[in-house]
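**Q** The structure under discussion is supplied below as structure tokens; questions concerning it will follow.
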Amino acid sequence: MTESPPARIFADPAEACRTLAAELVELVTAINASDRPAVLGLATGRTPLPFYAELIRLHRAGELSFAQVITFNLDEYLGLPAGHPESYHSFMRRELFDHVDIPVENVHIPDGMVAPENLAAHCAAYEDAIRAAGGIDFQLLGIGRTGHIGFNEPGSPRDSRTREIELDPITRQDAAPSFGGLDQVPTHAISMGCGTILEARKIALLAWGSGKAAIVKEALTGPISDRVSASFLQEHGDATFYLDAEAGSAL
Ligand code: PGA
0 MTESPPARIF ADPAEACRTL AAELVELVTA INASDRPAVL GLATGRTPLP
50 FYAELIRLHR AGELSFAQVI TFNLDEYLGL PAGHPESYHS FMRRELFDHV
100 DIPVENVHIP DGMVAPENLA AHCAAYEDAI RAAGGIDFQL LGIGRTGHIG
150 FNEPGSPRDS RTREIELDPI TRQDAAPSFG GLDQVPTHAI SMGCGTILEA
200 RKIALLAWGS GKAAIVKEAL TGPISDRVSA SFLQEHGDAT FYLDAEAGSA
250 L
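The letter at position 143 of the sequence shown is residue 142 when you use numbering that gives the first Met the number 0, and the numbering goes up by one with no holes.
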């Protein structure tokens, strides 16, 4: 596949999230009806917040159950204990898992406190767990200003797998306000690789705001290159960009 993924442009993030959440309800319902759990790849950051709020609303309205859902998060900061307020473990509990009926054993997030000598085995076990669950049915993505998906910073190969990665200075700068200063931002993370992400059967990348317009355009229409890991989505076949008007303004 060399066709660019479709870009769907909405008036605002709320409308984009309502649309995608309704599509996800259909997908989870259809997969559960075939008597297997739905496997979702989940993302963190500011971007998915309105999406998770909509999933919680649908759950409370009785339209979406997570009882037969298995999740794998894209990434976690290295060196942050799960209980740290900025860890992605904390984020996911706060923004989604504490508010829905997902069985705790169905949740997977890389362990940011894994000892260096166990890191490679931990990453391999994460890949094994995704495979054992049957692969990812639906992968949610944001996009960083470096073009990263997950924490696949520039230079991440197309076939990379879950591994340790050094965060780009731009990514650390963008995270500095929530950490209360650049020196508080971890320097490394564990992230699913580009290859891991691209194996998901269906992918939705969300982006809001004018600050993302240039990188969205590059990811969708620029050369397919490890300089912008989101550009690999051009070759996926079932990846869609859900944008607000500002994020889509350069297209
Ligand atoms: P953001 O981060 O959602 O906080 O903008 C996106 C990303 O880095 O993938």
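We treat Cβ as the ideally placed atom computed from N, Cα and C, and that holds for glycine. Predicted, not measured: the structure shown is a model, and the values here were computed from it.
Considering only the alpha carbon of each residue, which of 235, 237, 214 and 234 lies closest to residue 226?
**A** Position 227 of the sequence shown, counted from the first residue, corresponds to residue 226. The candidate whose alpha carbon is nearest that of residue 226 is 214.
**Q** Grouping DSSP H, G and I as helix and E and B as strand, with all else coil, what is residue 118?
**A** Working through the sequence shown from its first residue, we reach residue 118 at position 119. Reduced to three states, the DSSP call for residue 118 is helix.
**Q** In the DSSP assignment, what are the bridge partners of residue 190?
**A** On the sequence shown, position 191 is the one that residue 190 refers to. Residue 190 pairs with 74 and 162.
**Q** So, are the CB atoms of residue 161 and residue 133 less than 7 Å apart?
**A** On the sequence shown, residue 161 is found 162 positions in, with the first residue counted as 1. On the sequence shown, residue 133 is found 134 positions in, with the first residue counted as 1. No, the pair does not count as a contact, with Cβ atoms beyond the cut-off.
**Q** On a Cα-Cα basis, can you pick out the residue from 243, 87 and 187 that is closest to residue 208?
**A** Along the sequence shown, one-based indexing puts residue 208 at 209. Of 243, 87 and 187, the residue nearest in Cα terms is 243.
**Q** What do you get for residue 20, buried or exposed, if any count of 16 or more other CB atoms within 10 angstroms of its CB means buried?
**A** Within the sequence shown, residue 20 is the residue found at index 21, counting from 1. Its Cβ being crowded by 16 or more others within 10 Å, residue 20 is buried.
**Q** Assuming residue 30 is part of the alpha helix (DSSP H), what are its boundary residues?
**A** Locating residue 30 in the sequence shown gives position 31, counting from the first residue. Note, residue 30: alpha helix (DSSP H), 12-32.
**Q** Which runs of the beta strand (DSSP E) at least 3 residues long sit entirely within the stretch 187-229? Give them in chain order.
**A** You should have 187-190 and 201-206.
**Q** In whole angstroms, what is the alpha-carbon distance linking residue 184 and residue 32?
**A** Translated into the one-based positions of the sequence shown, residue 184 becomes position 185. Translated into the one-based positions of the sequence shown, residue 32 becomes position 33. If I take the Cα positions, the gap works out to 43 Å.
**Q** Pull up the distance between the alpha-carbon of residue 17 and that of residue 60, whole angstroms please.
**A** Here the question's residue 17 lines up with position 18 in the sequence shown. Here the question's residue 60 lines up with position 61 in the sequence shown. If I take the Cα positions, the gap works out to 14 Å.
**Q** Assuming residue 70 contacts residue 117 under a Cβ cut-off of 8 Å, what Cβ separation, rounded to an integer in Å, is found between them?
**A** Taking the sequence shown and counting its residues from 1, one reaches residue 70 at position 71. Taking the sequence shown and counting its residues from 1, one reaches residue 117 at position 118. At roughly 23 Å, the Cβ-Cβ gap does not stay under 8 Å, so residue 70 and residue 117 are not in contact.
**Q** Have a look at the DSSP bridge pairing and note the partners of residue 243.
**A** Within the sequence shown, residue 243 is the residue found at index 244, counting from 1. According to DSSP, residue 243 bridges with 9.
**Q** Going by the CB atoms, is the gap between residue 108 and residue 87 shorter than 7 Å?
**A** Here residue 87 corresponds to residue number 88 of the sequence shown, with the count starting at 1. Here residue 108 corresponds to residue number 109 of the sequence shown, with the count starting at 1. Yes.
**Q** Going by the beta-carbon positions, is the gap between residue 218 and residue 149 smaller than 7 Å?
**A** Numbered from its first residue, the sequence shown carries residue 218 at position 219. Numbered from its first residue, the sequence shown carries residue 149 at position 150. No, the Cβ-Cβ distance between residue 218 and residue 149 is not below 7 Å.
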